[in-house]
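Under this note's numbering, read the sequence shown as residues 41 to 677, first letter to last.
Backbone N, C-alpha and C fix where the C-beta goes; we use that ideal spot for every residue, glycine too.
On a predicted model such as this, the values are computed, not experimentally measured, just so you know.
Read the structure below first, then the notes.
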Amino acid sequence: MSTPLKRNLVPLAMLASILCVPFQAAAQAPKKVVTRRCTNRITLDGSGNIGNKAPAPAFKLPKVDLKLCLSVNKETGQVTQEVEFRNNDAANEQRFLFCNMIELSAAAANVNISNDCNMGFKGAPDNKWVCVTVAPPKIVMMKPGYHFGCIVVELKKKGDPAGKDVFRNSQTGQSDDFKCKEAKDFQVCYADLFNLKVGGMDVAFDTSNCANCFGKNKGINFAAPKPGDPPPNALATGFWIMSDVPVTDPFIQWQEFDGTMHAPDYVPIDSELTLPSQFPLNIPEMNKATPGLVPPNCYSQDLDLWDIQTMSAEDTTLTDVLFIPFVDFDPFGIVVQPDVYHVGIEGGSMDYANLLFAFNTGMPVPEGTRLPFSVGAIDAFDLNNEFWEEDGLLIQDTVPPHALSHSEMNPSPGILEVSITAEDVTTSPLAADFFYSLDGGATWLSEPLDATLDPFDEPSTNEFHASIAVPTDPNQSIVFFYQVQDSVMNNAYIGPGTMALLQMIGTGTPGCAGAHHLCANVPPKIGAADFQLKCDNAPPAACGISIITDKMLDPGADPFGLGVMFHIDLLGSSQMYAFDMACRPVNMGLATVPIPNDPNLSGQTFFAQSFWFWNNNCQPSPSGVSSSNALVIPVSD
Numbered sequence: 041m042s043t044p045l046k047r048n049l050v051p052l053a054m055l056a057s058i059l060c061v062p063f064q065a066a067a068q069a070p071k072k073v074v075t076r077r078c079t080n081r082i083t084l085d086g087s088g089n090i091g092n093k094a095p096a097p098a099f100k101l102p103k104v105d106l107k108l109c110l111s112v113n114k115e116t117g118q119v120t121q122e123v124e125f126r127n128n129d130a131a132n133e134q135r136f137l138f139c140n141m142i143e144l145s146a147a148a149a150n151v152n153i154s155n156d157c158n159m160g161f162k163g164a165p166d167n168k169w170v171c172v173t174v175a176p177p178k179i180v181m182m183k184p185g186y187h188f189g190c191i192v193v194e195l196k197k198k199g200d201p202a203g204k205d206v207f208r209n210s211q212t213g214q215s216d217d218f219k220c221k222e223a224k225d226f227q228v229c230y231a232d233l234f235n236l237k238v239g240g241m242d243v244a245f246d247t248s249n250c251a252n253c254f255g256k257n258k259g260i261n262f263a264a265p266k267p268g269d270p271p272p273n274a275l276a277t278g279f280w281i282m283s284d285v286p287v288t289d290p291f292i293q294w295q296e297f298d299g300t301m302h303a304p305d306y307v308p309i310d311s312e313l314t315l316p317s318q319f320p321l322n323i324p325e326m327n328k329a330t331p332g333l334v335p336p337n338c339y340s341q342d343l344d345l346w347d348i349q350t351m352s353a354e355d356t357t358l359t360d361v362l363f364i365p366f367v368d369f370d371p372f373g374i375v376v377q378p379d380v381y382h383v384g385i386e387g388g389s390m391d392y393a394n395l396l397f398a399f400n401t402g403m404p405v406p407e408g409t410r411l412p413f414s415v416g417a418i419d420a421f422d423l424n425n426e427f428w429e430e431d432g433l434l435i436q437d438t439v440p441p442h443a444l445s446h447s448e449m450n451p452s453p454g455i456l457e458v459s460i461t462a463e464d465v466t467t468s469p470l471a472a473d474f475f476y477s478l479d480g481g482a483t484w485l486s487e488p489l490d491a492t493l494d495p496f497d498e499p500s501t502n503e504f505h506a507s508i509a510v511p512t513d514p515n516q517s518i519v520f521f522y523q524v525q526d527s528v529m530n531n532a533y534i535g536p537g538t539m540a541l542l543q544m545i546g547t548g549t550p551g552c553a554g555a556h557h558l559c560a561n562v563p564p565k566i567g568a569a570d571f572q573l574k575c576d577n578a579p580p581a582a583c584g585i586s587i588i589t590d591k592m593l594d595p596g597a598d599p600f601g602l603g604v605m606f607h608i609d610l611l612g613s614s615q616m617y618a619f620d621m622a623c624r625p626v627n628m629g630l631a632t633v634p635i636p637n638d639p640n641l642s643g644q645t646f647f648a649q650s651f652w653f654w655n656n657n658c659q660p661s662p663s664g665v666s667s668s669n670a671l672v673i674p675v676s677d
């Protein structure tokens, strides 16, 4: 008989690196990570949700609100925009045209932007919006951008039984200029709303002549197709829809898998992805936060003019504009102001101002404070005429998300399934990435995780998950950690940990928190004193047991009549070992199973399964016991 496996309380090895790069390139920063920002839900009534604001734009939709999310893939430069319009009017349907674009912030270098088309309205007998060709195209130097084009939005009355009082749309674009960028590197989203009911009559949008008008580094202006047609400004409104904005610059935090939370670090909002100061490894290609820094009491957000009403003017025409900020309650010393209040806007497009956010350090802003704000662009010669507006929401959220649980499993050869459940009590968790290395930390990959719950619903708790193609070698191990981001760019880093790619068999009997997934941290090699078994969805603050045998039951059975699925053969095995499995704060069970330095173990295969005992408030089986899958443990040199 071979030497028995022995207990040994060896600490879990901290074998992680913090750089996520393509597997083939070890000296690059993590680019595949996907970041996401969402706007507040904006009411399109020209008020910016501010009750005391006047004037309002000429065309408005007082019963419609809009929420928009932008996701950015750093590796591919792909941007995905999701919009949701909602009709809150139980008496009337709504129908309008929505056009918008995004562009990089002022830190980006200018590129050639082509204005190939202008939006215009053809009067009778056509009665439709069209794209008027600009010949030759007008070229301007602006920040790299992407115009998603125009879509017709049709909303049934509120309460529509088919759910058509809500309109959802997703559009995707790509630009190499967006590579290595994050969602926070983009300007506000420029939204134009065009009236599809003119003079009490429904009008159309002619898409056939707009095929080449939109896309990468494209912009549109306004124009009258022929003399006598209504001026576009009278039938359209410009809204700028800002992402949720932090009162102070965001924070990052390291959470270990055992639940330990380290002190958060302040990181400027315009920084690249930054690691917490106490994260265990130093990576030259990624910065670490400086501990003890205090956020400054102000920062700025770009306000750039693009694709809105004054662009219908000639290049030499100046439109005098006043910028008036609005808030609707005592803002705890918070100041929202443009850096200029009066400017002449050239026809076409131009950068013209920054929006400054400042707060009085002597007046602490309570956590969770939500401050709607609006900046109106008012006609300097007619104070009752608002050209366009900027709407947003300031949120005081200085606490990054935290993980409630996580899971890594290898249900079939070549597939790794990972998930993490995160919570944020002030703003919702918006995006998550899984960082992993297949060579001990020399090179790194990352995988964006899909959200289980719709981010538009702003859930305080969400699960993120992905299936990843990995090698099938049982001697292969993975080093990994997670990153979770909330809606105001606070980031949590959870981990690091290690996992061996060992085969899993069966499903066991799920517990009250779901199915258990048993895995190991490192390949089972002779002398592996740090070999550990890990099991997720364990009962909180409870103890379980892991049993290792040399025979398995396939596909599984309940040999003892407990209502529990066994995948290991307790009756027919010649070797059997039991280990206590303690549950950690994040519902992860852990058992240290040191493998002796005994050459007789080489080539032997063992099978492990964990079992958990639940209290009287939960009975996953008649015996109150749940079980995991079985894990195949082939011991090698």
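Given residue i, which residues of its chain have a CB within under 8 angstroms of its CB, disregarding the five upstream and five downstream residues?
| i | result |
| --- | --- |
| K114 | P70, K71, K72, V73, V74, T75, K219, C220, K221 and E222 |
| G402 | G373 |
| N425 | P95, A98, I418 and D419 |
| K197 | N127, D129, A130, A131, N132, E133 and D205 |
| I673 | L542, A560, P564, I588, T645, F646, F647 and A648 |
| F653 | P579, A582, C583, G584, G664 and V665 |
| D490 | F504, H505 and A506 |
Does residue i come out as helix, strand or coil in the three-state DSSP assignment?
| i | result |
| --- | --- |
| P412 | strand |
| K196 | coil |
| N657 | coil |
| F504 | strand |
| L610 | coil |
| N140 | strand |
| T350 | With a pLDDT of only 45 at T350, under the threshold of 50, the placement of this residue in the model should not be trusted, and no figure is reported. |
| P662 | coil |
| A67 | Any answer about A67 is weak, because its pLDDT of 37 lies below 50 and its placement is not dependable; what the coordinates show is given next. If DSSP states are grouped into helix, strand and coil, A67 belongs with coil. |
| N400 | coil |
| P639 | helix |
| N530 | coil |
| E122 | strand |
In or out: residue i buried (at least 16 other Cβ within 10 Å) or exposed?
| i | result |
| --- | --- |
| K183 | buried |
| V665 | buried |
| E407 | exposed |
| Y533 | buried |
| N150 | exposed |
| V61 | In this predicted model, V61 has a pLDDT of only 25, less than 50, meaning its place in the structure is not dependable enough to derive any value. |
| N655 | exposed |
| L333 | exposed |
| H556 | buried |
| G203 | exposed |
| R208 | exposed |
| H187 | buried |
| V380 | exposed |
| I179 | exposed |
| L423 | exposed |
| P595 | exposed |
| V465 | exposed |
| L358 | exposed |
| A231 | buried |
Tell me which residues share the same chain as residue i and place their Cβ nearer than 6 angstroms to its Cβ, disregarding the 5 neighbours each side in the sequence.
| i | result |
| --- | --- |
| M110 | Residue 110 is actually Leu in this sequence, not Met. Contacts found: R77, Q121 and A223. |
| A453 | In the sequence on display, residue 453 carries Pro and not Ala. Answer for P453: T512, listed in chain order. |
| W294 | H302, P316, Q318, F319 and Y533 |
Which whole-angstrom value describes the C-beta separation of residue i and residue j, a residue pair presumed to lie in contact below a C-beta threshold of 8 angstroms?
| i | j | result |
| --- | --- | --- |
| T173 | L233 | Actually they are not in contact, since the Cβ atoms of T173 and L233 sit about 23 angstroms apart, beyond 8 angstroms. |
| I435 | F399 | The pair is not a contact, with the Cβ atoms about 13 angstroms apart (cut-off 8 angstroms). |
| I292 | N531 | 5 angstroms |
| I82 | F138 | That pair is no contact at about 12 angstroms. |
| F427 | I460 | About 45 angstroms; that fails the 8 angstroms criterion. |
I'd like the list of long-range same chain contacts for residue i, defined as Cβ closer than 7 angstroms, with 5 residues on each side in sequence excluded.
| i | result |
| --- | --- |
| S614 | D590 |
| D598 | V604, M605 and F606 |
| C157 | C171, V172, T173, V174, C250, C253 and I260 |
| L275 | F99, F161, F234, N235 and V238 |
| P308 | D289 |
| P660 | T549, P550, G551, C552, W654 and S666 |
| S668 | G548, H556, H557, L558, C575, Q649 and S650 |
Discussion item. Please give the ranges of any beta strand (DSSP E) in the region 286-343, keeping only runs that are unbroken, at least 3 residues long and fully inside the region.
Written reply: 291-295
Worksheet entry | Entirely enclosed beta strand (DSSP E) segments - the region 455-515, minimum 3 residues | 455-463, 469-477, 485-491 and 501-509
Practice prompt. Mind listing, in chain order, the continuous beta strand (DSSP E) runs of no fewer than 3 residues lying wholly within the region 548-581?
Written response: 558-560 and 572-575
Practice prompt. Enumerate, from N- to C-terminal direction, the unbroken alpha helix (DSSP H) stretches of 4 or more residues contained entirely within the region 217-281.
Written response: none
Fill in: Complete runs of the beta strand (DSSP E) confined to the region 135-194 [at least 3 residues]
151-162 and 168-182
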